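Presented below is the structure to which this report refers.
There are 2 protein chains.
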Amino acid sequence: MDNKVLIFGHQSPDTDSITSAIVMENLERKLGNENAKAVSLGHINKETKFVLDYLGIEEPEVIERIEDNQEVILVDHNEATQSVENIANAKILKVVDHHTMSFIAPYQLYYRAEPVGCTQTVLYKMYKEYGVEVDKKIGTLMLSAIASDTLVLKSPTTTAEDIKVVKELEAITGVDINTYGVDMLKAGTDISEYTPEQVINIDSKLFEQANKKFKIAQVNTADLDSIFKNQSYFEQAINEDIEKEKLDFYVFAATDIVNSNSKIISLGNDSPVVEKAFGISMDNHTAMLENVVSRKKQILPPILDMLK
Amino acid sequence: MDNKVLIFGHQSPDTDSITSAIVMENLERKLGNENAKAVSLGHINKETKFVLDYLGIEEPEVIERIEDNQEVILVDHNEATQSVENIANAKILKVVDHHTMSFIAPYQLYYRAEPVGCTQTVLYKMYKEYGVEVDKKIGTLMLSAIASDTLVLKSPTTTAEDIKVVKELEAITGVDINTYGVDMLKAGTDISEYTPEQVINIDSKLFEQANKKFKIAQVNTADLDSIFKNQSYFEQAINEDIEKEKLDFYVFAATDIVNSNSKIISLGNDSPVVEKAFGISMDNHTAMLENVVSRKKQILPPILDMLK
Chain A
1227 MDNKVLIFGH
1237 QSPDTDSITS
1247 AIVMENLERK
1257 LGNENAKAVS
1267 LGHINKETKF
1277 VLDYLGIEEP
1287 EVIERIEDNQ
1297 EVILVDHNEA
1307 TQSVENIANA
1317 KILKVVDHHT
1327 MSFIAPYQLY
1337 YRAEPVGCTQ
1347 TVLYKMYKEY
1357 GVEVDKKIGT
1367 LMLSAIASDT
1377 LVLKSPTTTA
1387 EDIKVVKELE
1397 AITGVDINTY
1407 GVDMLKAGTD
1417 ISEYTPEQVI
1427 NIDSKLFEQA
1437 NKKFKIAQVN
1447 TADLDSIFKN
1457 QSYFEQAINE
1467 DIEKEKLDFY
1477 VFAATDIVNS
1487 NSKIISLGND
1497 SPVVEKAFGI
1507 SMDNHTAMLE
1517 NVVSRKKQIL
1527 PPILDMLK
Chain B
1227 MDNKVLIFGH
1237 QSPDTDSITS
1247 AIVMENLERK
1257 LGNENAKAVS
1267 LGHINKETKF
1277 VLDYLGIEEP
1287 EVIERIEDNQ
1297 EVILVDHNEA
1307 TQSVENIANA
1317 KILKVVDHHT
1327 MSFIAPYQLY
1337 YRAEPVGCTQ
1347 TVLYKMYKEY
1357 GVEVDKKIGT
1367 LMLSAIASDT
1377 LVLKSPTTTA
1387 EDIKVVKELE
1397 AITGVDINTY
1407 GVDMLKAGTD
1417 ISEYTPEQVI
1427 NIDSKLFEQA
1437 NKKFKIAQVN
1447 TADLDSIFKN
1457 QSYFEQAINE
1467 DIEKEKLDFY
1477 VFAATDIVNS
1487 NSKIISLGND
1497 SPVVEKAFGI
1507 SMDNHTAMLE
1517 NVVSRKKQIL
1527 PPILDMLK
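Sequence order for the protein chains is A and B.
Going by my numbering, the residue at position 177 of the first sequence is 1403; the numbering climbs one at a time, nothing skipped.
Going by my numbering, the residue at position 281 of the second sequence is 1507; the numbering climbs one at a time, nothing skipped.
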């Protein structure tokens, strides 16, 4: 794929990562970059499958590694630990993102990140800036990702800009975010066919801070009990990942999208960091975090503060 | 200045750093941020003085250090080593830049960089995106910085986007970049009142790579001989800076803006790195680099390659 410009989101891709790659591919092609090609770093989850099936779009090709000097565009992430294997030897042409930053490039590039709830909110502004039409299909992809990242605008990660963009997208697409978005989120909570190992990897992110290496995995659910009746199996899968990846601790958060709470499992040698971060005591490795739904705004920051 | 949002470019500020801070302050205020305040990390050079005098604009206040948690906007740089003292404890709200990146922020922010010749080319696009008017004064500030960074569109750092923006700015301002720009550059080459120490600090940047710490200073001139007749004084100033800053080597480039060449002085224990980078032998610590005018595109990259 030497002549292609590969566009992809983070590992364990969520709806924003997959749809942003597709939407960015379309923008690049409309701007004359015929070699733009959306790919992904893992198979789509059920929530994203709901979106792509709704629109009749094929799943992007999954890649595991890139060659030296491969030209790439990153969406929805910027940190090497969350990116493709061999990213250190890629030529990164552009980054479009909405996350915290840890980024080094010894060459000039296009980098656009904004403090909003979803990469697609930034992409919508880029379409407007370049005068490229947002049609119903592209608009629905954008709307889906914002509904996913913000839990239908209920997460504290939601910004005024996300809400403004959603209103414009609802007008373009005729899709109501409350009806469609909740259906989409519920489709994503079906884990009946997944192994515990697959469940913890649906949306898992690796972090490194102060010489500690840890993962925070998150899964949405409309029924916490259905997950915690299998707690021992999840613990086994988590402990295997801790050993394999040499993690200091691991937080698995099951987020109740109906009641806006998260119940976590915390394991690993440095698991007391998590107890201190939230001022809680674990009971059988678990704890309920009331009103916590956002990894980025509510789970990660107290842990990073505690590691400082 | 706790309630202000301070906007500034890099140390040893050049015309792009100073004017971008002023132009960004205007944009922020037009968008409702009344606390935006352009400052600088050093006094303006003669080229920038020519621009501000032409427009009747006061020199921005010079700051040396910021308090913890100060809100700031960075223009024309992103690396901590080129920024204000105590930047590590600032809250960086936005970055607008056109350089290579080495940036970490454990929080979301607005970051916009593009691979173009000048920060003002990016700012011009932002004015258009937000629908904020570019008046004659703002337009002339933008045009001045592009003329400065691209040596009136002659440097290899010049991109098609810079040229397009300059055409639009010439139409807005009625200023001809060739006449005005060359007058401005020539004003910047007057070093008659400067000490050698001041000359090497007109536009000096600190870099760190592979455990090596070095500076590349650049000064424009219309008369190389007038500089090199004082070579021994410059060498003394450079050697003092090497000792003070514990530098491994130092490159001072006098760039002939008429003939588009640079004559360099290279000093320090690791000075052979420079000889190898350009495949040259120094003669009395100096060498002529034909057709080399750009630090970013032509001087820095071979040195970084050699250090890998």
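We treat Cβ as the ideally placed atom computed from N, Cα and C, and that holds for glycine.
Every value quoted in this text rests on a predicted model; they were computed, and no experiment measured them.
| query | result |
| --- | --- |
| Own chain, CB closer than 8 Å to Thr1307(A), minus 5 neighbours either side, in chain order | Leu1432, Phe1433, Glu1434 |
| Any chain A beta carbon closer than 8 Å to Pro1341(B) | yes |
| Per-residue burial, Val1288(A) [other beta carbons within 10 Å of its own, 16 or more giving buried] | exposed |
| Ordered list of beta strand (DSSP E) runs contained in the segment 1318-1360 of chain A, each at least 3 residues | 1327-1331, 1336-1339 |
| Any C-beta of chain A under 8 Å from that of Thr1326(B) | yes |
| Proximal residues, the segment 1443-1477 of chain B versus chain A, C-beta separation under 7 Å | none |
| Any C-beta of chain A under 8 Å from that of Leu1377(B) | no |
| Sufficient close CB pairs (3 or more, under 8 Å) joining the segment 1339-1356 of chain B to the segment 1306-1324 of chain B | yes |
| Of the listed residues Leu1533(B), Ile1372(B), Asp1240(B), nearest to Ala1443(B) (C-alpha basis) | Asp1240(B) |
| The segment 1330-1356 of chain A: positions lying closer than 9 Å to chain B by Cβ | Ile1330, Ala1331, Pro1332, Tyr1333, Gln1334, Leu1335, Tyr1336, Tyr1337, Arg1338, Ala1339, Glu1340, Pro1341, Val1342, Lys1351, Lys1354, Glu1355 |
| Beta carbon proximity, Leu1432(A) to chain B, threshold 8 Å | no |
| Whole-number beta carbon distance between Thr1245(B) and Ile1265(B), since they are thought to touch under 8 Å | The amino acid occupying residue 1265(B) in the given sequence is Val; Ile does not appear at that position. Actually they are not in contact, since the Cβ atoms of Val1265(B) and Thr1245(B) sit about 13 Å apart, beyond 8 Å. |
| Separation of Glu1461(A) from Glu1355(A), as counted between CA atoms | 47 Å |
| Beta bridge counterpart(s) of Tyr1476(B) as assigned by DSSP | Lys1441(B), Leu1493(B) |
| Bridge partners - Arg1291(A), DSSP secondary structure assignment | Glu1311(A) |
| Straight-line Cα distance separating Leu1257(A) from Ala1371(B) | 28 Å |
| From Ala1262(B), Lys1390(B), Phe1440(B), residue whose alpha carbon lies closest to that of Ser1497(B) | Phe1440(B) |
| Per DSSP, cross-strand counterpart(s) of Ala1262(A) | Val1231(A) |
| Cβ pair Leu1281(B), Lys1412(B) closer than 8 Å | no |
| Proximity test, Cβ basis, 8 Å: Leu1530(B) and chain A | yes |
| Segments of 4+ residues assigned as alpha helix (DSSP H) that fall wholly inside the segment 1362-1391 of chain B | 1362-1375 |
| Cβ-Cβ separation, Gly1494(B) to Glu1273(B) (assumed contact under 8 Å), whole Å | Contact flag wrong, Cβ pair sits at about 27 Å. |
| Unbroken beta strand (DSSP E) run spanning Lys1431(A), endpoints | 1430-1435 |
| Residue burial classification, Thr1366(A) (beta-carbon count within 10 angstroms, cutoff 16) | buried |
| Min CB distance Leu1515(A) to chain D below 8 Å | The chain labelled as chain D is not found among the protein chains of the depicted structure, namely A and B. |
| Contact between the segment 1309-1321 of chain A and the segment 1391-1404 of chain A (3+ Cβ pairs under 8 Å) | no |
| For Val1408(A), three-class secondary structure by DSSP | helix |
| Counted within 10 angstroms of its Cβ, other Cβ atoms place Asn1304(B) as buried (16 or more) or exposed | buried |
| Check whether Ser1486(A) and Val1519(A) have beta carbons under 8 Å apart | yes |
| Leu1526(A) (DSSP reduced to helix, strand or coil) | helix |
| Bridge partners - Val1499(A), DSSP secondary structure assignment | Paired residues: none, contrary to the question. |
| Burial state of Arg1291(A) (16 or more Cβ within 10 Å) | exposed |
| For Ile1299(B), the three-state DSSP class (helix, strand or coil) | strand |
| Whole-angstrom C-beta distance between Ala1373(B) and Val1301(B), which should lie under 8 Å | In fact, because the Cβ distance is near 17 Å, the residues do not count as touching under 8 Å. |
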